[in-house]
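Asks: Numbering (my numbering), first residue to last: -11 to 356.
Here's what the structure looks like:
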């Protein structure tokens, strides 16, 4: 509300003998203001969510990008050195203080050795405040045509050991492909962390079932669909799809964190922002400004208390798109910025800054 408007309303409502405003107008303004306040309180009460306690998490590589290929797309590929202890400390400060995280899912797919991964986990634990939860997120099957297992059972057991030694109380499986058999390593994780295995990147059509106790749901198509917000609200588009997903999860007992998105698909081929039929790092666009705020508000309104775990954001996809030579390149991408203690300022920084602002409001207990 602008200052002139506020002053005019205060003048109308001021109860003194010099107030010449029509009494009927005063009554009408008061009624409208009371109705707005009542509606806002009702919406907040109806949600039933303690905003300060909601998850505010990000998914990113523990190594900060030693390799995006080795153990992910192929068994062997060149790898760069993992982030140093100093670089992890700088990245942790940005993620916690600027991006307002209270949980980090630290992705690992054997792009570095197991001892090096243990060192990275200890560095992250030392760098993050005690209130920030660290969850190793393992890729158990590669995305090559064979779906090659990343870890043997013994290797998975060793990952669990170094994770516990670093003070991690939960473990996660990262997979954005639906309904894949995760292989024998999953049973190891379930045995080593009973009731504390989280699925990161679960798809809307997948049920959250044992051994997973919770999930972070991929929402890329639900948030990307719609060039404009009006398009997003069209029948069958993003808002309707997201609402349907939330209501479906409400029927289940396990808690869900919902992905907020920085990277959307290419909007050029379709007039209303429909899916173009491809996912191309050279063409993908930043999510439209304000879309994450609309999505977060929708989830808060629709999600059942006790099922809503909070909100998350996929930084792996930001890095994978940003490092493309037609975008920011490796030197200008997200991980490079984090390692120097700077917020990312590349192609997809505006929606990421919006997510950080939304997380700040949740941290302060303020609805968006």
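We put the beta carbon where it would ideally sit given N, CA and C, even for glycine. Bear in mind the structure is a predicted one, so any value in this text is a computation, not a measurement.
Looking only at its chain, what residues have a beta carbon closer than 6 angstroms to the beta carbon of residue 255, apart from the 5 residues adjacent to it on each side?
Replies: Here residue 255 corresponds to residue number 267 of the chain shown, with the count starting at 1. Close CB contacts of residue 255 within its chain, under the 6 angstroms cut and outside five residues either way in sequence, are with 215, 261 and 273 (chain order).
Asks: Bridge partners of residue 233, per DSSP?
Replies: The residue you call residue 233 lines up with position 245 of the chain shown. None, per the DSSP bridge assignment.
Asks: Three-state secondary structure (DSSP) at residue 220?
Replies: Start at 1 with the first residue of the chain shown, and residue 220 comes out as number 232. Helix at residue 220.
Asks: For a quick check, are the C-beta atoms of residue 93 and residue 138 less than 9 angstroms apart?
Replies: Taking the first residue of the chain shown as 1, we reach residue 93 at position 105. Taking the first residue of the chain shown as 1, we reach residue 138 at position 150. Taking 9 angstroms as the Cβ cut-off, residue 93 and residue 138 do not qualify as a contacting pair.
Asks: According to DSSP, simplified to helix, strand and coil, what is residue 44?
Replies: Walking along the chain shown from the start, residue 44 turns up at place 56. In this structure, residue 44 counts as strand in the three-state DSSP scheme.
Asks: Taking residue 181 as the reference, give the member of 146, 167, 168 and 166 with the closest Cα.
Replies: The sequence position of residue 181 within the chain shown is 193, counting from 1. Nearest C-alpha to residue 181: 146.
Asks: What's the call for residue 293, buried or exposed, on a 16-neighbour Cβ count within 10 Å?
Replies: Residue 293 sits at position 305 when you count from the first residue of the chain shown. Residue 293 is exposed by the Cβ-count criterion.
Asks: Assign residue 289 to one of three DSSP states: helix, strand, or coil.
Replies: Counted from its first residue, the chain shown places residue 289 at position 301. Here residue 289 sits in helix by DSSP.
Asks: What is the rounded straight-line gap between the Cα of residue 308 and the Cα of residue 56?
Replies: Walking along the chain shown from the start, residue 308 turns up at place 320. Walking along the chain shown from the start, residue 56 turns up at place 68. Cα-Cα distance, rounded: 8 angstroms.
Asks: Measuring CA to CA, which of 313, 295, 342 and 96 is closest to residue 159?
Replies: As a position in the chain shown, residue 159 is number 171, starting the count at 1. It is 96 whose Cα lies nearest to the Cα of residue 159.
Asks: Which ranges does the alpha helix (DSSP H) cover as unbroken runs of at least 4 residues, wholly within the stretch 113 to 189, from first to last along the chain?
Replies: 141 to 153 and 172 to 180
Asks: Between the stretch 78 to 86 and the stretch 124 to 144, do at least 3 Cβ pairs fall closer than 8 angstroms?
Replies: no
Asks: Measuring CA to CA, which of 153, 226 and 91 is closest to residue 275?
Replies: Here residue 275 refers to the residue found at position 287 of the chain shown. Selected option, being the one with the closest Cα: 226.
Asks: Could you tell me the alpha carbon to alpha carbon distance between residue 49 and residue 80, rounded to whole angstroms?
Replies: Here residue 49 refers to the residue found at position 61 when the chain shown is read from its first residue. Here residue 80 refers to the residue found at position 92 when the chain shown is read from its first residue. Each residue's alpha carbon lies about 12 angstroms from the other.
Asks: Are the CB atoms of residue 229 and residue 209 within a distance shorter than 9 angstroms?
Replies: Locating residue 209 in the chain shown gives position 221, counting from the first residue. Locating residue 229 in the chain shown gives position 241, counting from the first residue. In contact: residue 209 and residue 229 (Cβ atoms closer than 9 angstroms).
Asks: Relative to the C-alpha of residue 305, which residue among 168, 243, 298 and 267 is closest?
Replies: Position 317 of the chain shown, counting from 1, holds the residue named residue 305. Here the closest residue by C-alpha is 267.
Asks: Using a threshold of 9 angstroms, state whether the C-beta atoms of residue 263 and residue 212 are closer than that.
Replies: For the purposes of this step, residue 263 is taken as the residue at position 275 of the chain shown. For the purposes of this step, residue 212 is taken as the residue at position 224 of the chain shown. In this structure, residue 212 lies closer than 9 angstroms to residue 263 by Cβ.
Asks: Compare the beta carbon distance of residue 287 and residue 45 with 9 angstroms and say whether it is the shorter of the two.
Replies: On the chain shown, residue 287 is found 299 positions in, with the first residue counted as 1. On the chain shown, residue 45 is found 57 positions in, with the first residue counted as 1. With respect to residue 45, residue 287 sits apart: the two C-beta atoms are not nearer than 9 angstroms.
Asks: Figure out for me which residue from 64, 168 and 289 has the closest Cα to the Cα of residue 235.
Replies: Within the chain shown, residue 235 is the residue found at index 247, counting from 1. Per the Cα distances, 289.
Asks: Could you please give the first and the last residue of the uninterrupted beta strand (DSSP E) stretch that includes residue 348?
Replies: The residue labelled residue 348 in the question sits at position 360 within the chain shown. Looking at the DSSP string, residue 348 is not in any beta strand (DSSP E); the run it does join, the alpha helix (DSSP H), is 337 to 351.
Asks: Please confirm whether residue 301 and residue 341 have their CB atoms less than 9 angstroms apart.
Replies: Here residue 301 corresponds to residue number 313 of the chain shown, with the count starting at 1. Here residue 341 corresponds to residue number 353 of the chain shown, with the count starting at 1. No, these two residues do not count as a Cβ contact at 9 angstroms.
Asks: Is residue 195 buried or exposed, if buried means 16 or more other CB atoms sit within 10 Å of its CB?
Replies: Translated into positions along the chain shown, residue 195 becomes position 207. With fewer than 16 Cβ atoms within 10 Å of its Cβ, residue 195 is classed as exposed.
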